[in-house]
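The sequence shown begins at 8 in our numbering and counts up by one. C-beta: ideal position from N, C-alpha, C; glycine also. Just so we're clear, the structure is a prediction, and the values are computed from it rather than from any experiment. As structure tokens, the structure follows; a few thoughts come after it.
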Amino acid sequence: MAQLVVFNLAGKVIELLSPLIREEIKLACCLKADLVNLKSTVSIIKDVLLDAEKQAHHRAVVKDWLEKLQDVLHDADDVLDDVATEALQRNVMAGNKMTKEVRIFFSSSNQLAFSLKMGHKIKAIRDRLDVINEEKEDFHFNVGSNEPQVMNRDRESRDTISLVKEDEVIGRENDKNEIIERLFDNNVVDNISIISIVGIGGLGKTTLAQLVYNDENVKKEFDLKLWICISDNLDIKRIVKEVLEQMQEWNHEESIEVMQQKLREKLNGRKCLIVLDDLWNEDYDEWLRLMTLFMGAKTGSRIIVTTRSESVARIIRATSLYPLGVLPKEKAWNLFVKMAFERGQESKYKALVAIGQKIVEYCDGLPLAIRTIGSILYANTSEIRWKSFLDNELPKIGHQESDKILKTLKLSYDHLPSHLKQCFAYCRLFPKDHRINVHTIINLWAAQGFIVLVNQRFEDVGREYFMGLLWRSFFQDVENDYMGNIESCKMHDLMHDLAGLVSGSESAILNSSGENNIEKVRHVSFNLVDSSVQFSIPMLNGRKIHTVLAPNIRGNLGNLTCDLTCDAFISNFKYLRTLGLRNLRLLVVPYSIGKLKHLRYLDLSENHMIKILPNSITKMLNLQTLILRGCGSLRELPRGIKKLVNLRFLDVTGCGIQMTNMPLEIGHLTYLETILPRVVVRMEGSRGQVKKGHCGSYKEKKAESNGGLSQLKLLHNLGGELRIEKLGHGKDEVRECKDANLKDKQHLQHLVLKWVWDDGKSECDDEMLLEGLQPHPNLKALELWYYMGVRIPSWVSSLTNLVHFELFRNYRLQHLPPLNQLPFLKSVTLQHMEALEYIWIDEDSVRNVLGASSSSSSSSSSKTPFFPSLSFLTLFNCPKLKGWWRNSDDDDDDDDDNEPHHLLLPSFPPSLSELYIWGCPNLTSMPLIPPSLKEPCISGCPLLTATRRKQ
8 MAQLVVFNLA GKVIELLSPL IREEIKLACC LKADLVNLKS TVSIIKDVLL DAEKQAHHRA
68 VVKDWLEKLQ DVLHDADDVL DDVATEALQR NVMAGNKMTK EVRIFFSSSN QLAFSLKMGH
128 KIKAIRDRLD VINEEKEDFH FNVGSNEPQV MNRDRESRDT ISLVKEDEVI GRENDKNEII
188 ERLFDNNVVD NISIISIVGI GGLGKTTLAQ LVYNDENVKK EFDLKLWICI SDNLDIKRIV
248 KEVLEQMQEW NHEESIEVMQ QKLREKLNGR KCLIVLDDLW NEDYDEWLRL MTLFMGAKTG
308 SRIIVTTRSE SVARIIRATS LYPLGVLPKE KAWNLFVKMA FERGQESKYK ALVAIGQKIV
368 EYCDGLPLAI RTIGSILYAN TSEIRWKSFL DNELPKIGHQ ESDKILKTLK LSYDHLPSHL
428 KQCFAYCRLF PKDHRINVHT IINLWAAQGF IVLVNQRFED VGREYFMGLL WRSFFQDVEN
488 DYMGNIESCK MHDLMHDLAG LVSGSESAIL NSSGENNIEK VRHVSFNLVD SSVQFSIPML
548 NGRKIHTVLA PNIRGNLGNL TCDLTCDAFI SNFKYLRTLG LRNLRLLVVP YSIGKLKHLR
608 YLDLSENHMI KILPNSITKM LNLQTLILRG CGSLRELPRG IKKLVNLRFL DVTGCGIQMT
668 NMPLEIGHLT YLETILPRVV VRMEGSRGQV KKGHCGSYKE KKAESNGGLS QLKLLHNLGG
728 ELRIEKLGHG KDEVRECKDA NLKDKQHLQH LVLKWVWDDG KSECDDEMLL EGLQPHPNLK
788 ALELWYYMGV RIPSWVSSLT NLVHFELFRN YRLQHLPPLN QLPFLKSVTL QHMEALEYIW
848 IDEDSVRNVL GASSSSSSSS SSKTPFFPSL SFLTLFNCPK LKGWWRNSDD DDDDDDDNEP
908 HHLLLPSFPP SLSELYIWGC PNLTSMPLIP PSLKEPCISG CPLLTATRRK Q
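Written as structure tokens, this is what we have:
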């Protein structure tokens, strides 16, 4: 039952038409009139589409009408993109020298021919739309309708990662304890015993296995833990590779036989816990092949298998079978309350509670269904709305178990706004259990025109879309980076099935079985189980294809391995917007790739043998995303990269040291939002050079006037990490630092400032330089290396979003600004701070933390936690450091530094999980260490150790 989402497609066509009609786009008069009429017709049709999409669920004739409209709008999208690209090319080439190519392009005959060609295509589209517009009158659609609103949960995005934390999992405590008890059962005589968790989809089998896998007692019991997702296919080679990768022992050049032998050696004599998640295969011989890899493990090793099939559990001879049941009534209600009501608000709405309890009964204790339905109703306090959902929508699901789960989940999809529906459906192109990078999915959505911008960045709006789907449980199992940003997620198998259901014939995952029907498909991806198979991309209907992805292939796509077939591919896929050729062992990128003028997304990552990119890439003026991660042999980026005026995302992480020429044109790319792994500005005398971290430096260009920090002036959208190196060359840099105006770069998240290394004895302007480099308060991480100022500017205290703070070899630094005001600060590292005696000297800050004068040492406020989010603290080689702050007695020469001041000190918060103090021989006192921190690492601090003994 494919779901047609034509409303947003019509909106996209209108959005394309508007700038083409405006006066600044010079087109033939007749063509402009055609565009005006086309916009009018599409706008009239768009007004009834929300109602039409609803009626298509139960009226086949409406569904057929929408399919015809969708085809026409897709064709209109392609033709209008031709016109827009022509206009873009005209603007870019206008600034070039009048080469022969430019003169031909701007010739009147060339422009007239183009206008006539487009005019014929647009007239054909108008004729088809006129027929469709007349047909719509037969259906009596309602004009206008209310789009479902995006209801954001009243939680900060940094809390969303708790979706996979134990305290967010409701009702599985007893199940977890039972599985652990079976793990620790010493009466099992088998060398490796197997515990199989069995249950239908959506019960939370994987979540339960994760709870067990991450339990602290379980971690202590086993020498080695491995997590492997099996999913639909039991591919031994893939499993061996994944296990060796987890053990950091994988070598891609080794044969499968060598890898298997290495795995056996690594497991031999070690007590292992191995989780095989989502096992479907019922071939006992294949299972035995897998088990032979693990047989050398030490007695007492365990394998946990999760599966939907009890027959699978019996075929693998599970020692212990654990049938996972639905949630008990009370736990099911608790989960629904958590998902449907704002925290603690359910008691205010007795009528909603009564309706909600009936809804929960209908969910039959299935956690995934409860989560998705609760998300639909979240923060909606209308009794009419809840009653309507109970009486009118739930009954449509039916009671057959095979359909009920998927239909329940589809209710959540039906309540999505149109823009999120198309984003979710597109995700079916990823294989099941694929870990989806958030940057990747946002860039893919952007390439298809799914993200609508109004003076915003793709990254920001795309992340809003992502969070809207995550909050509704369409994604799960998120992972976050060190700054708390969500960086990846997965889709539950049932959600993946739902995405396949609603996307219908629009998209397809092609495999090596040969059963691939792509007659109507517009988005294709490849999922080859056997990595040795060579598989050719079907050329059928290539002109309609917008997406070609290869997210799960380690080998060759047979018809993309030489220039000739690559050229044929490129010629056939004229309107391609997304091309992902990751890890296909490509030797070269053909020059003809520049003909893909509609391309927005190009992924060439992990093609280790590519040494150079053709300059023709700079002809792809619509390109937004260029991913070159892991292209270890790549020597340089193409010259003329400034022509890629729409480039927003560039990833050159892991490119080889041979990359010696990074063009000094990046400052012209004003839409640029992200460069990975980081942007590096290297100051050289009064000028700097921009390079890409770990990818080599620019060739020196002394005559360039646009080097250094000046390149950052126009990059207002730049986010991610910025590293400025070799600061401290002279007073000219003070002005240059101020001109960079980092305060306006609100999207920067991580700033690293590195001065030229010296012994700290020479005169310097470091404090003035640092004052001029004040970042925006949105900054999340700050590092200062080799800074030789005595103080740090007070602006550090205004960085209220700071998560990570690090100082390294700042030999003259004596004073730090108060950091306790930073509510999200999690990590503080101070290394080689030769002059630092106290962390703070600011009396107001000390007074605020202590809450009383020093004589009130017994007050309860003296033990109030400060640094509320601190989890990681390192003090390394700070030889003069005496304490956290200076007491008034410390000014007295007769004061005994050995006298403990711990009664004056507050406690570190319970969140502190790692504490390292090394090489601080004069340190006598620190804030109290919470009991929850079991093993603080303190060494080379004799006075502090003696003080702790006295305590």
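- For N44 and D440, the gap between their C-alpha atoms comes out near 47 Å.
- Annotated three-state conformation of M302 is coil, per DSSP.
- In the structure shown, F348 falls within a coil segment according to DSSP collapsed to helix, strand and coil.
- Between Q718 and I648, the C-beta gap is not smaller than 8 Å, which leaves the two residues out of contact.
- In the structure shown, N614 adopts coil according to DSSP, grouped into three states.
- In the three-state reduction of the DSSP assignment, G727 falls in the strand class.
- For S805, DSSP records no beta bridge to any residue.
- Between the beta-carbon of L657 and that of I617 there is about 16 Å, and that puts the pair past the 8 Å contact cut.
- Beta bridge pairing from DSSP links G890 with Y845.
- Each residue's CA atom was taken as its position, placing T214 and D284 some 10 Å apart.
- When DSSP states are grouped into helix, strand and coil, T379 belongs to the helix group.
- Under DSSP, E732 shares a beta bridge with R689.
- Taken atom to atom, the span from the alpha-carbon of E293 to that of E264 is near 16 Å.
- Collapsing the DSSP output to three states places P949 in a helix.
- Scanning F883, I846, L594 and P938 for the CA closest to the CA of S932 turns up I846.
- Taken through DSSP and simplified to helix, strand or coil, I634 comes out as strand.
- Of the candidates R321, R435 and L609, the residue whose Cα lies closest to the Cα of S203 is R321.
- In the three-state scheme derived from DSSP, where H, G and I count as helix and E and B as strand, D71 is classed as helix.
- Taken in chain order, the complete beta strand (DSSP E) segments of 3 or more residues contained in the region 292–336 are 308–314 and 327–330.
- The DSSP-derived three-state label of C744 is helix.
- H783 places its beta carbon less than 8 Å from that of L749.
- Counting along the chain, the unbroken alpha helix (DSSP H) around Q253 starts and ends at I243 to Q253.
- Residue state for D284 is assigned as strand, using DSSP reduced to three classes.
- The residue among E272, P943 and P825 with its C-alpha nearest the C-alpha of F879 is P943.
- Burial is judged here by how many other beta carbons sit within 10 angstroms of a residue's own beta carbon; T306 has fewer than 16 and is exposed.
- Take the alpha-carbon of N884 and the one of A454: they are about 50 Å apart.
- Contact between M840 and N817 holds, with the beta-carbon distance rounding to 6 Å and staying under 8 Å.
- Within the same chain, and ignoring the five residues on either side of G276 in sequence, the residues whose Cβ sits closer than 6 Å to its Cβ are K305.
- Cβ-Cβ distances below 6 Å link K338 to I177 and G178 in the same chain, with the five nearest sequence neighbours on each side left out; the list follows chain order.
- With a cutoff of 8 Å on beta-carbon distance, G796 and V763 are scored as not near each other.
- Spanning the alpha carbons of R592 and G663 requires a straight line of approximately 16 Å.
- In the structure shown, the three-state DSSP call for C370 is coil.
- The beta-bridge partner set that DSSP reports for W257 is empty.
- The region 594–608 and the region 618–638 touch, with no fewer than 3 CB-CB distances between them shorter than 8 Å.
- At least 8 Å separates the beta-carbon of I577 from that of L611.
- Ranked by Cα distance from N450, the first of D773, R189, M266 and V468 is V468.
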